[in-house]
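Chains as they are written, first to last, in the numbering used here: chain A, 1250 to 1569; chain B, 54 to 371.
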């Protein structure tokens, strides 16, 4: 009897929308909020963010260029002008090729921009898979606990028991197809376990907070608590990790590309550009220098941005 | 108490090793089509008699689980099968090449430790100072540069520009002596050491900053002890526990990390054999080396766990 009365009470409480704060404060627009955040960043983090935006825009620009049949102002990344006597291999910077040309006299700048697509897609896939699947699984097992948790964590430990690069190498070795879709999928799936671990760990700490206990006390359904209270609160920490993880993924993809085991040539990737440049290292370092610089700058930027976010997040969650 | 914990860890270790070996085995097994297509090089597939012979030899018609247990059973006795491309037993290849890989991983750890501890300690001592800020920039850079890129850069700088050190090749200690060996090992292990160096310097710095705020450090200062003495004697000791654990954990990871560095410097290590196995689609070799590296990695990590338990009684209670 008592239980029924409590249910009714709970319904009454939960059906009143206490979260409606529209009369209280006017929320800032997304643009305004972004501008304030951006201006509050340290200068290196600002530069890092600008560099990352440049890389993302460049990657999409090259795709658009391909769709439009190279109508946009950018050199053809596959065109080898030395076959027609127009340019020499490994040329220095000039007005036509302002970062010089590579071993096959192709335009370095264009190939760098086109190469960013592979890094971007692989990193985005890992991050998306990690946040969506890893985040949900981790929050679920961390909140519900029990046998499911033990079993999930134990089976993920098996994947984490391998050194990441070695497992990836073995996997791409046995699969014969090495195109972007397949590489991105392998990276994405193998990336999930660490996200699960982190999501689970932060769920354990969030789940003991007062607001979760309050939600439990008023009888909110567990799944609702999971999606309304827990997941939104573990996301900032998970996202900060995702940025740093994206940097790691770009390094690993670059390494596989360098070994010729990622997306196949002639499709440019930063890693395979470095590999091709190695043959001429005695003459010039530039065909290695540019992709190396792009790779390193992108990873540095992701690390800086990730560190910055992590600090903000830890400040925020300690204030909760 | 400790004995019980170690027993539980051992059971878990064995379970993990089984799972790892199963995954390594299934990686090849789940490929669509006849496993013989994966095991043999394409040139050998025309010779039907040979195929039949190998199929009999490997008893490929048995159920998957039977073959898995046979593979693991053989592996436990040190037999990982043989390459169907070079006819070399996989365990021979591993025995041949493991010294190079081990030396690289060990040297890299040594280098990283020798630099990370003073850098971390001094950064913590002068927190926020010029040195600290410069080192924070350096560690961010060192963490972000891919190992293979650092390797290529070292080759370019020290071999092509300055001509100080050889870029490729390996002198065995037993053949040419320690000095000649170090000459070929120093560049690859430095490239390998960058990432652990950066991680450890950061960890030690963070740990020391905490330690330096302890009361006993203050009382040591009040006693009028010299800063250097306090730093070395009072602060570094409790922080060294973290450092030791992290270094040991990285040793396992470095064995995986050497794979690429060995390829860059063309060293006769386990990694180059794995990569050449991949290029030749030498499935038995890939499977064997992957299992070996993963086993070393898992066992090292488990040992570090136990070692940490022995050192720090506080963790045992959890």
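Cβ coordinates follow ideal geometry from the N, Cα and C atoms, glycine included.
Treat the numbers as computed from the prediction; the structure is a model and nothing was measured.
Going by beta-carbon coordinates alone, are residue i and residue j separated by less than 8 Å?
| i | j | result |
| --- | --- | --- |
| residue 312 of chain B | residue 324 of chain B | yes |
| residue 1374 of chain A | residue 1437 of chain A | yes |
| residue 164 of chain B | residue 243 of chain B | yes |
| residue 1307 of chain A | residue 1365 of chain A | yes |
| residue 1440 of chain A | residue 1498 of chain A | yes |
| residue 67 of chain B | residue 359 of chain B | no |
| residue 1322 of chain A | residue 1356 of chain A | no |
| residue 1507 of chain A | residue 1526 of chain A | no |
| residue 161 of chain B | residue 245 of chain B | yes |
| residue 1391 of chain A | residue 1434 of chain A | no |
| residue 1387 of chain A | residue 1302 of chain A | no |
| residue 357 of chain B | residue 301 of chain B | yes |
| residue 1472 of chain A | residue 1360 of chain A | no |
| residue 1293 of chain A | residue 1369 of chain A | no |
| residue 1380 of chain A | residue 1310 of chain A | no |
| residue 1384 of chain A | residue 1480 of chain A | yes |
| residue 219 of chain B | residue 193 of chain B | no |
| residue 198 of chain B | residue 188 of chain B | no |
| residue 1297 of chain A | residue 1500 of chain A | no |
| residue 314 of chain B | residue 326 of chain B | no |
| residue 1389 of chain A | residue 1487 of chain A | no |
What number of angstroms, rounded off, separates the C-alpha of residue i from the C-alpha of residue j?
| i | j | result |
| --- | --- | --- |
| residue 1363 of chain A | residue 1518 of chain A | 7 Å |
| residue 215 of chain B | residue 1372 of chain A | 37 Å |
| residue 1382 of chain A | residue 221 of chain B | 44 Å |
| residue 1300 of chain A | residue 1495 of chain A | 15 Å |
| residue 127 of chain B | residue 147 of chain B | 15 Å |
| residue 182 of chain B | residue 320 of chain B | 41 Å |
| residue 1277 of chain A | residue 1485 of chain A | 19 Å |
| residue 1450 of chain A | residue 1557 of chain A | 21 Å |
| residue 250 of chain B | residue 307 of chain B | 12 Å |
| residue 82 of chain B | residue 1423 of chain A | 10 Å |
| residue 124 of chain B | residue 1532 of chain A | 49 Å |
| residue 1367 of chain A | residue 1511 of chain A | 10 Å |
| residue 1482 of chain A | residue 1455 of chain A | 7 Å |
| residue 153 of chain B | residue 144 of chain B | 15 Å |
| residue 1332 of chain A | residue 210 of chain B | 32 Å |
| residue 1288 of chain A | residue 213 of chain B | 44 Å |
| residue 1502 of chain A | residue 1467 of chain A | 48 Å |
| residue 1513 of chain A | residue 1420 of chain A | 16 Å |
| residue 1504 of chain A | residue 235 of chain B | 26 Å |
| residue 1552 of chain A | residue 200 of chain B | 16 Å |
| residue 317 of chain B | residue 1412 of chain A | 19 Å |
| residue 331 of chain B | residue 1477 of chain A | 47 Å |
| residue 1524 of chain A | residue 304 of chain B | 27 Å |
| residue 355 of chain B | residue 1349 of chain A | 51 Å |
| residue 55 of chain B | residue 361 of chain B | 11 Å |
| residue 1426 of chain A | residue 1418 of chain A | 13 Å |
| residue 118 of chain B | residue 79 of chain B | 10 Å |
| residue 1347 of chain A | residue 1340 of chain A | 10 Å |
| residue 1559 of chain A | residue 1351 of chain A | 39 Å |
| residue 322 of chain B | residue 191 of chain B | 30 Å |
| residue 57 of chain B | residue 1280 of chain A | 58 Å |
What is the C-beta distance between residue i and residue j, in whole angstroms, given that I count them as a contact (C-beta under 8 Å)?
| i | j | result |
| --- | --- | --- |
| residue 347 of chain B | residue 1415 of chain A | 7 Å |
| residue 77 of chain B | residue 271 of chain B | In fact, because the Cβ distance is near 53 Å, the residues do not count as touching under 8 Å. |
| residue 120 of chain B | residue 112 of chain B | 7 Å |
| residue 196 of chain B | residue 252 of chain B | 7 Å |
| residue 292 of chain B | residue 260 of chain B | 4 Å |
Please tell me whether, using a cut-off of 7 Å, the distance from the CB of residue i to the nearest non-hydrogen atom of the ligand MG is below it.
| i | result |
| --- | --- |
| residue 214 of chain B | With respect to the ligand MG, the structure offers nothing, as it holds no ligand at all. |
**OP:** Residues of the region 1391-1421 of chain A with a CB closer than 9 Å to any CB of chain B: list them in chain order, please.
**Re:** 1403, 1404, 1406, 1407, 1408, 1410, 1411, 1412, 1413, 1414, 1415, 1416, 1418, 1419, 1420, 1421
Original post:
Is the region 1537-1551 of chain A touching the region 201-208 of chain B, taking contact as three or more C-beta pairs under 8 Å?
Top reply: yes
Original post:
Is it a yes or a no for the region 327-343 of chain B touching the region 128-137 of chain B, going by three-plus beta-carbon pairs under 8 Å?
Top reply: yes
**OP:** Report yes or no: do three or more beta-carbon pairs, one from the region 1397-1410 of chain A and one from the region 59-76 of chain B, lie closer than 8 Å?
**Re:** Counting C-beta pairs with one atom in each stretch, the region 1397-1410 of chain A and the region 59-76 of chain B have three or more that are closer than 8 Å, which means they touch.
Subject >> Inter-stretch contact (C-beta, 8 Å, three-pair minimum) for the region 289-301 of chain B and the region 250-263 of chain B >> reply: yes
Original post:
In chain order, what residues of the region 1492-1506 of chain A put their CB closer than 8 Å to some CB of chain B?
Top reply: Taking 8 Å as the cut-off between beta carbons, the residues of the region 1492-1506 of chain A near chain B are 1496, 1500, 1503, 1504, in sequence order.
Subject >> Contact set between the region 168-199 of chain B and chain A, restricted to residues whose Cβ is under 8 Å from the partner >> reply: 193, 194, 196, 197, 198, 199
Subject >> the region 277-290 of chain B touching the region 170-189 of chain B, judged by at least three CB pairs closer than 8 Å >> reply: yes
Original post:
Which of the residues in the region 1352-1363 of chain A, read from start to end, lie with their CB under 7 Å from any CB of chain B?
Top reply: none
Original post:
Taking any Cβ of chain B, which residues in the region 1531-1556 of chain A have a Cβ under 7 Å from it, in chain order?
Top reply: 1531, 1534, 1537, 1541, 1544, 1545, 1548, 1549, 1552, 1553
Original post:
Taking Cβ-Cβ distances below 8 Å as the criterion, which residues of the region 199-222 of chain B are in contact with chain A?
Top reply: 199, 200, 201, 202, 205, 206, 208, 209, 213
Original post:
Name the residues in the region 340-352 of chain B whose C-beta lies less than 8 Å from a C-beta of chain A; which are they?
Top reply: 340, 343, 346, 347, 350, 351
Original post:
Residues in the region 261-272 of chain B with C-beta within 8 Å of chain A's C-beta atoms, listed in sequence order?
Top reply: none
Subject >> Cβ-based contacts, 9 Å cut-off: residues of the region 98-131 of chain B near chain A >> reply: none
**OP:** Please list the residues of the region 1512-1529 of chain A that have a C-beta atom closer than 8 Å to any C-beta atom in chain B, keeping them in chain order.
**Re:** 1523, 1527
Subject >> Contact list for the region 1450-1463 of chain A against chain B, Cβ threshold 8 Å >> reply: none
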